[in-house]
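I have placed the structure first, in the form of C-alpha cells, so that the comments after it can refer back to it.
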Amino acid sequence: MQAKKPNINPMEKKVRNPTTLGFVILVSLFLPGVCASSNDQSKHFVLVHGACLGAWSWYKMVPLLKSHGHSVTAIDLAASGINLLRANELRTMSDYTKPLMDFMESLPENEMVILVGHSYGGAAISQAMELFPHKITVAVFLTAFMPGPSLPFSLIFQQALSNVETALDNKVTFDDGPNNPPTTLIFGPNYISHVLYQHSPPEDAVLATMLVRPARLATGEELVFTEFRYGSVNRVFIISGGDQVLTKEIQEWMIEKNPPCRVLSIVGSDHMVMTSQPTQLLAHLPEEKDQFKANPMEENRRHPVILVLVILMSILFANVHASKEHNPKHFVLIHGACLGAWSWYKLIPPLKSYGHNVTAIDLAASGINLLRASDIRTFSDYSKPLMDFMESVPSTEKVILVGHSFGGAAISQAMELFPEKISVAVFVTASMPGPSLPLSEIVQKAINRIGSALDNKLNFDNGPNSPPTSFIFGAQYTTQVIYEFSPPQDPALAILLVRTVPLTSAEELVFTEARYGSVKRVFIIAEKDRVLTKEDQEWMIEKNPPSRVETISGSDHMVMTSKTPQLVAHLLDIARDFS
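Just so you know, we're using full-length UniProt numbering here: the sequence shown kicks off at 1 and counts up by one.
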C-alpha cells in the first residue's frame, strides 16, 4: 500500500505570529565568601543522600562545587538511586551503607575527603567517621542524623520516624507482620511537594516523585561510636530553619546532646537545602580543617562579599493562554536511551499548570526500573512498561505520546499496537521508524556515529566478533554533546542517573499503514542536536513523512532542558490542533 502523503510540506517550517506571553524572572544569586576562580588546592567532597533519595539529589551542588575547582563524588547507598538492590534485601545498616564504606576503603591512605551527609545520610557518614577517621578532613551534617558516643542512633531514628511515617501520603510496609516494627518507608507525592520540597522549585519536587525509592528502616542494629575514632573527626552541623521533616527542634536537640565543632544556619530553606538554597549551602561548606574554633555552639556571623547575578529570562509561548485548558489532555512522556522518566522533570510542571495530565514512564532497565540491561532479550521487553500502561488506558481515552530520542521507537510500537488510544504521536528529535523505514537502519546509523564517540562505551557480551549488546553514554559525552546548551546542573544530574541500555534486535518490529499509519505524527527538529543530527532528523522525515514538522532553534539533544518553554509551547499547540 502506498503511504498517504501529508497535507503540508513536511520540511516546511511553520511560520506563526503568536500571541506572546512574557514571563520575566529575576534571579539573585548570593555567593558569600566565594571567589569565581578555582582554589589553589582543591578539596574532595563526598556527598551522601538521605532516605528514599539518591546521589541525584545533589545534582545542583555538583557543578557548583566543581566550578570552584573541587573534586566531587556523590554516592548511591544500597537500594537507592540507580543501585539495583531492593530495600527488602538489606538486613543491616551496614548493608545500606556499604557503597560508602567501599568508597572510603578505596581511597589512598594519604587522601582526605570532606564528607557531607544529608538527613538519614548523617548516619552513614557517622559510620564512616568511626571506621575511617584518618581519611576525613571534616564531616558536615546537613539537617542530618548526627548520632555519637552519647547519642544513640536508635533514639534519633525513633524521633524522626514518628514525625514522618504517617504524614500525608507517606507509606510504610510491615514485611515482618503487623505486630513488628515497619520495615520500609517511602515518601508520597503530596509529602514530597508540600513538606520535603516546599521552598524548592516545583521541578525539583517532580524529579523526586519520579526517583524516590523505599528506604529500609533500622533493623535494631545499634551503631557504636567512640570518642577515640568518631570523636577525632571535626564536625559541622548546618541547620535548615524551615525544615519540616527533621524539624529545627530535633536538629537543636541533636546539637545539644552531641555538640559539633561548629553550627551554621541557613534561612529560607526546606529539608532539601541543596535545591532550595544551593548557593547559601555552597558558601557554608567548609574547606579547611583549621577553620574550626573551640566553641561548638558558635553561630557563624560572616559579612561576605556578595556577588549578585541577575538573570532576565523572557519566555515566549506561541498561542498559549495563561488560563488552564478547558479540555485537558493526557501527555505520556517516553525517555531516550540510557535516560529515564526523570529526564522530563522540567517539562511536567508547566504542562500540569495548564491543566493537563502528565505521565512519565521508565522503560525497562531505565531510571529506577530494577531490571538490568542483561535481563532484556527483545525490544518488547524494553518497551513493556509503556505497553502495560497503554493496555491500562480505558478504551474511551486517548493520549498524546511524546517520544524523545530512542523513545521514538517505543512510541512507534505503541502506535502499531494501540492506534485507537492515541490522538497524536510527537517525535522530539527521536527515532521515527515506519512501514518504509526499519528501526534497525536508524539504530545502526546512530551506533556507527556515537557508539565510540568520546567516552561512550559499547559492550560485547557475546564476544568481540558479535554485535554489541549494550551501550552507555560517558560523562564527557553527556556534558559536551548531549547537554551542550543545557544548564550545568542538568548534565550533572544525568551523569548520576544514566544506565546501560540494551541493544536488542529490532527485526521483530513491524509497522503497518493500517495501524501505525492511522496515527497522526508530528516531528520536532532540534536544530543543534549533535547526537541525532539535523541531517539525521531530516533523513527520517524524508523517508517517513509525518503530518507536521516543527523546529526549535538553538537546542541540543535534550530539548526539554535546553529549550523548555519552546517545547512546552509546541506541545500545547499540538494538543490543541490534533484534539
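Backbone N, C-alpha and C define an ideal beta-carbon position, used for all residues, glycine too.
Under DSSP, the alpha helix (DSSP H) around histidine 284 begins and ends at which residues?
For the purposes of this step, residue 284 is identified with residue 284 of the sequence shown, where counting begins at 1. Histidine 284 -> alpha helix (DSSP H) spans 278-284.
Drop a sphere of 10 angstroms on the beta-carbon of proline 565, count the other beta-carbons inside from all chains shown, and report buried for 16 or more, exposed for fewer.
For the purposes of this step, residue 565 is taken as residue 565 along the sequence shown, with counting starting at 1. Counting Cβ neighbours within 10 Å, proline 565 comes out buried, since at least 16 surround it.
Nearest CA to the CA of tyrosine 354: which residue from Ser71, Val568, Glu165 and Val72?
In the sequence shown, counting from the first residue as 1, residue 354 sits at position 354. Closest option to tyrosine 354, Cα to Cα, is Val568.
How about the stretch 139-154 and the stretch 235-253: do they share at least three Cβ pairs that are nearer than 8 Å?
Segments in contact, yes.
To which residues of the same chain is lysine 384 closer than 7 Å at the C-beta, ignoring the five residues directly before and after it?
In the sequence shown, counting from the first residue as 1, residue 384 sits at position 384. Taken in chain order, the residues that qualify are Ala364.
Using 8 Å as the threshold, is the C-beta distance between leucine 151 and asparagine 234 below it?
Within the sequence shown, the letter at position 151 stands for residue 151. Within the sequence shown, the letter at position 234 stands for residue 234. Cβ distance not < 8 Å, so leucine 151 and asparagine 234 don't count as in contact.
Determine the direct distance from the alpha carbon of alanine 87 to that of arginine 216, and round the result to whole angstroms.
The residue given as residue 216 occupies position 216 in the sequence shown. The residue given as residue 87 occupies position 87 in the sequence shown. Going by the C-alpha atoms only, they are around 5 Å apart.
Which two residues bound the contiguous beta strand (DSSP E) that contains threonine 184?
Indexing the sequence shown from 1 puts residue 184 at position 184. That run of the beta strand (DSSP E) goes 184-186.
Taking the alpha helix (DSSP H) that threonine 564 belongs to, which residues open and close that run?
In the sequence shown, the residue the question calls residue 564 occupies position 564. That run of the alpha helix (DSSP H) goes 564-577.
Quick test of your reading: lysine 43 and isoleucine 114, contact by CB under 8 Å. State the CB separation rounded to the nearest angstrom.
Here residue 43 refers to the residue found at position 43 of the sequence shown. Here residue 114 refers to the residue found at position 114 of the sequence shown. Sure, about 6 Å apart at Cβ, within 8 Å.
Use the C-beta contact count for asparagine 83: other C-beta atoms within 10 angstroms, 16 or more gives buried, fewer gives exposed.
One-based indexing of the sequence shown puts residue 83 at position 83. Label assigned to asparagine 83: buried.
According to DSSP, which residues form a beta bridge with alanine 425?
Here residue 425 refers to the residue found at position 425 of the sequence shown. DSSP lists Leu401 and Arg521 as partners of alanine 425.
I need the straight-line Cα distance from alanine 526 to phenylalanine 427, nearest angstrom please.
Here residue 526 corresponds to residue number 526 of the sequence shown, with the count starting at 1. Here residue 427 corresponds to residue number 427 of the sequence shown, with the count starting at 1. Rounded to whole angstroms, alanine 526 to phenylalanine 427 spans 11 Å at the Cα level.
Between Arg530, Pro488, Thr478 and Leu571, which has its C-alpha nearest arginine 521's C-alpha?
One-based indexing of the sequence shown puts residue 521 at position 521. Among Arg530, Pro488, Thr478 and Leu571, the Cα nearest to that of arginine 521 belongs to Leu571.
What did DSSP end up calling valine 164 once you bin it into helix, strand or coil?
Numbered from its first residue, the sequence shown carries residue 164 at position 164. Residue state, collapsed to three classes: helix.
Of the residues Gly148, Leu223 and Ile411, which one's Cα is nearest the Cα of serine 431?
Looking up residue 431 in the sequence shown gives position 431. Closest by alpha carbon: Ile411.
Relative to the alpha-carbon of serine 343, which residue among Asp169, Asp204 and Ser80 has its alpha-carbon at the smallest distance?
Stepping through the sequence shown from its first residue, residue 343 is reached at position 343. The candidate whose alpha carbon is nearest that of serine 343 is Asp204.
Go to glutamate 550, then tell me how far its beta strand (DSSP E) extends in each direction, as first and last residue.
Position 550 of the sequence shown, counting from 1, holds the residue named residue 550. Per DSSP, glutamate 550 belongs to the beta strand (DSSP E) from 548-552.
Give me the DSSP bridge partner(s) of proline 502.
Locating residue 502 in the sequence shown gives position 502, counting from the first residue. According to DSSP, which records beta bridges pairwise, proline 502 is partnered with Ser470.
Going by C-alpha distance, which of Val62, Trp539 and Pro202 is nearest leucine 282?
The count along the sequence shown starts at 1 and reaches residue 282 at position 282. Nearest C-alpha to leucine 282: Val62.
When the distance is taken between beta carbons, is methionine 274 closer than 8 Å to serine 57?
Here residue 57 refers to the residue found at position 57 of the sequence shown. Here residue 274 refers to the residue found at position 274 of the sequence shown. Result yes, Cβ atoms of serine 57 and methionine 274 sit closer than 8 Å.
Kindly list the residues whose CB is nearer than 8 Å to the CB of glutamine 537, restricted to its own chain and excluding five residues on each side of it in sequence; keep chain order.
As a working mapping, residue 537 is identified with position 537 in the sequence shown. Excluding residues within five positions, the ones whose Cβ falls inside 8 Å are Thr429, Phe523, Ile525, Ala526 and Asp529.
Would you mind listing the beta strand (DSSP E) stretches within the stretch 442-487 that are 3+ residues and don't spill past its ends, in chain order?
Runs found: 457-459 and 470-472.
So which of Ser265, His271 and Pro491 has the shortest CA-CA distance to serine 200?
Taking the sequence shown and counting its residues from 1, one reaches residue 200 at position 200. The shortest C-alpha separation from serine 200 is found at His271.
Nearest to valine 531 by CA position, among Ala79, Lys445 and Ser505, is which residue?
Counted from its first residue, the sequence shown places residue 531 at position 531. Taking only the C-alpha atoms, the option nearest valine 531 is Lys445.
For the alpha helix (DSSP H) that alanine 75 lies in, which residues bound it at each end?
On the sequence shown, residue 75 is found 75 positions in, with the first residue counted as 1. Checking the sequence, you will find isoleucine at residue 75 rather than alanine. No alpha helix (DSSP H) contains isoleucine 75, which is instead part of the beta strand (DSSP E) from 71-75.
Per the contact definition of three or more C-beta pairs closer than 8 Å, is the stretch 207-214 in contact with the stretch 181-188?
Yes: at least three Cβ pairs fall under 8 Å.
So who's on the other strand from serine 265, going by DSSP bridges?
Counting from 1 along the sequence shown, the entry for residue 265 is found at position 265. Partner(s): Ile239.
Would you tell me roughly how many angstroms separate the C-alpha atoms of asparagine 456 and tyrosine 345, rounded to the nearest one?
Indexing the sequence shown from 1 puts residue 456 at position 456. Indexing the sequence shown from 1 puts residue 345 at position 345. Distance between the alpha carbons of asparagine 456 and tyrosine 345 is about 24 Å.
At what residue ranges does the stretch 361-412 contain a whole run of the alpha helix (DSSP H), taking only runs of 4 or more?
Taking only runs of at least 4 residues, the alpha helix (DSSP H) segments lying wholly in the stretch 361-412 are 379-392.
Measure how close the beta-carbons of valine 72 and leucine 53 come, nearest whole angstrom, since I'm counting them as under 8 Å.
Taking the first residue of the sequence shown as 1, we reach residue 72 at position 72. Taking the first residue of the sequence shown as 1, we reach residue 53 at position 53. Between leucine 53 and valine 72 the Cβ distance is about 17 Å, and since that is not below 8 Å, they are no contact.
Could you round the C-beta distance between alanine 74 and leucine 90 to whole angstroms and report it? I think they count as a contact, below 8 Å.
Here residue 74 refers to the residue found at position 74 of the sequence shown. Here residue 90 refers to the residue found at position 90 of the sequence shown. About 20 Å separates the two Cβ atoms, so there is no contact after all.
Between the beta-carbon of serine 452 and the beta-carbon of leucine 458, is there less than 8 Å?
Along the sequence shown, read from residue 1 onward, the residue named residue 452 stands at position 452. Along the sequence shown, read from residue 1 onward, the residue named residue 458 stands at position 458. Going by C-beta atoms, serine 452 is nearer than 8 Å to leucine 458.
From leucine 29 to histidine 68, what distance separates their C-alpha atoms?
Locating residue 29 in the sequence shown gives position 29, counting from the first residue. Locating residue 68 in the sequence shown gives position 68, counting from the first residue. Caution is warranted here: a pLDDT of 31 is assigned to leucine 29, below 50, making its placement in the model unreliable, and the coordinate value is therefore given only provisionally. When rounded, the distance between both Cα atoms is 15 Å.
Under the rule that 16 or more other beta-carbon atoms within 10 Å means buried, what is asparagine 369, buried or exposed?
The sequence position of residue 369 within the sequence shown is 369, counting from 1. So asparagine 369 counts as buried.
Taking 6 Å as the limit between beta carbons, can you name the residues of its chain near residue 580, skipping five residues before and five after?
Limits of the chain in this structure are 1 at one end and 579 at the other, which puts residue 580 out of reach.
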